[in-house]
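J.: Here it is: the structure, laid out below.
Number of protein chains: 2
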Amino acid sequence: MSRPCHHNHQEPIKLDDLTERLREKSQKITGPRQAILEVMRREAHPVTNKKIMALLPDGVCDLVTVYRSMHLLEKMGLVRRFDFGDGAARFELVRGNSEDHHHHLICTECTTVVEIEQCFPNALEKQISQESGFKKLSHKLEFFGICPECQS
Amino acid sequence: MSRPCHHNHQEPIKLDDLTERLREKSQKITGPRQAILEVMRREAHPVTNKKIMALLPDGVCDLVTVYRSMHLLEKMGLVRRFDFGDGAARFELVRGNSEDHHHHLICTECTTVVEIEQCFPNALEKQISQESGFKKLSHKLEFFGICPECQS
DNA sequence: GCCTTATTGCAAATGATTTGCATAAGGAGG
DNA sequence: CCTCCTTATGCAAATCATTTGCAATAAGGC
Numbered sequence: 002m003s004r005p006c007h008h009n010h011q012e013p014i015k016l017d018d019l020t021e022r023l024r025e026k027s028q029k030i031t032g033p034r035q036a037i038l039e040v041m042r043r044e045a046h047p048v049t050n051k052k053i054m055a056l057l058p059d060g061v062c063d064l065v066t067v068y069r070s071m072h073l074l075e076k077m078g079l080v081r082r083f084d085f086g087d088g089a090a091r092f093e094l095v096r097g098n099s100e101d102h103h104h105h106l107i108c109t110e111c112t113t114v115v116e117i118e119q120c121f122p123n124a125l126e127k128q129i130s131q132e133s134g135f136k137k138l139s140h141k142l143e144f145f146g147i148c149p150e151c152q153s
Numbered sequence: 002m003s004r005p006c007h008h009n010h011q012e013p014i015k016l017d018d019l020t021e022r023l024r025e026k027s028q029k030i031t032g033p034r035q036a037i038l039e040v041m042r043r044e045a046h047p048v049t050n051k052k053i054m055a056l057l058p059d060g061v062c063d064l065v066t067v068y069r070s071m072h073l074l075e076k077m078g079l080v081r082r083f084d085f086g087d088g089a090a091r092f093e094l095v096r097g098n099s100e101d102h103h104h105h106l107i108c109t110e111c112t113t114v115v116e117i118e119q120c121f122p123n124a125l126e127k128q129i130s131q132e133s134g135f136k137k138l139s140h141k142l143e144f145f146g147i148c149p150e151c152q153s
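Residue numbers (the working numbering), protein chains in the order written: chain A, 2 to 153; chain B, 2 to 153.
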């Protein structure tokens, strides 16, 4: 009874929707935030703060502002945080249903990233919850391997 | 066709075995390394470098030596590295079959750790490998939740 | 437009981990 | 047991990612 994650890779998401969600939470819609969301919209895979900074038009804002913005966006559920194990946090825009989530497969040679459909089976997670007595379970799961390119 | 991880929590492992494995790889058996292995032997769950340092008898060695030793032990397969998402690496002694591995369930309130039997299903991982073309797949998986104590 | 409050920039602090380098300690061979 | 060569270690300082303090600035409601 496993239930794979659903994800909407390419589903377009309008900047207006995002700014609207910001407004709902009485957060100000500032230049840096709009620009950052604009960048995130274009990225298909998780990106680091430094990368976001680099993708931003020159002079939009400070790196510190990127950090602070990502914290805010994460807390608001607009982006999701990932850890690929290299010491730098990565963020990906949440598209569509915020309940959905997906995992990644990262090439340990070239760091190419591929989205994965498969998720940890719900039934198993439920079993873990029952056996341990823990509630509100969630998990962090990422895969690593050698991509086709790097196998030669 | 899922295949849960096997793990030998309490299986005793002799220091001699460990030093022997060190010797095989022509690494020196130094005081700090023996003391660190001794500490690791006693720990049931992953511990940070700082914690290892604290558990070591006073003056055994420098924190830097702990970092370097853990790198070595990890490379030699004597310990495994884990990331609980709080910015500090944690290590656990590999007991028994080095093929085995297990995951953890961490309480997000008090950081209590529980070992988990369930692992990501082999069949699904194989499927991911086939679909993506990636080889030598591995995964990092940790669970988070609220432990019984913290639910009240 | 004005005012209150959230936001930003910049510098500096943190925390984990790594590195350079001179000194000290394993251990193979005699 | 002693010597020599190599690996380890201590200590200080460098890196890296991320956070924080604070004064200056911009958003948005009224």
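Where a beta carbon is used, it is the ideal one built from N, C-alpha and C, also for glycine.
Within the 8 angstroms Cβ cut-off, does P149(A) reach chain B?
T.: By this cut-off, P149(A) is an interface position.
J.: Do the CB positions of R24(B) and I30(B) come within less than 8 angstroms of each other?
T.: In contact: R24(B) and I30(B) (Cβ atoms closer than 8 angstroms).
J.: Among S139(A), V114(A), Q35(A), G88(A), whose alpha-carbon lies nearest the alpha-carbon of L125(A)?
T.: Among S139(A), V114(A), Q35(A), G88(A), the Cα nearest to that of L125(A) belongs to S139(A).
J.: Count Cβ pairs between the region 87-96 of chain A and the region 43-62 of chain A that sit closer than 8 angstroms; are there 3 or more?
T.: The answer is yes - the region 43-62 of chain A touches the region 87-96 of chain A, with three or more Cβ pairs under 8 angstroms.
J.: Would L79(B) count as contacting chain A if we go by Cβ distances under 8 angstroms?
T.: No, its Cβ sits nowhere closer than 8 angstroms to a Cβ of chain A.
J.: When the Cα atoms are used, what is the spatial distance from K26(A) to M77(A)?
T.: Rounded to the nearest angstrom, the two C-alpha atoms are 8 angstroms apart.
J.: What did DSSP end up calling L138(A) once you bin it into helix, strand or coil?
T.: L138(A) falls in the strand class under three-state DSSP.
J.: Could you pull the start and end residues of the beta strand (DSSP E) that I107(A) belongs to?
T.: Here the beta strand (DSSP E) through I107(A) covers 104-108.
J.: How big is the Cα-Cα spacing for N98(A) and E143(A)?
T.: Roughly 21 angstroms between the two C-alpha positions.
J.: For C151(B), which residues from the same chain have a beta carbon less than 7 angstroms from its beta carbon, with the 5 sequence-adjacent residues on both sides left out?
T.: The answer, listed in chain order, is C108, E110, C111.
J.: Is the beta carbon of I53(A) less than 8 angstroms from the beta carbon of V40(A)?
T.: Yes, the Cβ-Cβ distance between I53(A) and V40(A) is below 8 angstroms.
J.: Does DSSP put V95(A) in a helix, a strand or coil?
T.: Note: V95(A) maps to coil in three-state DSSP.
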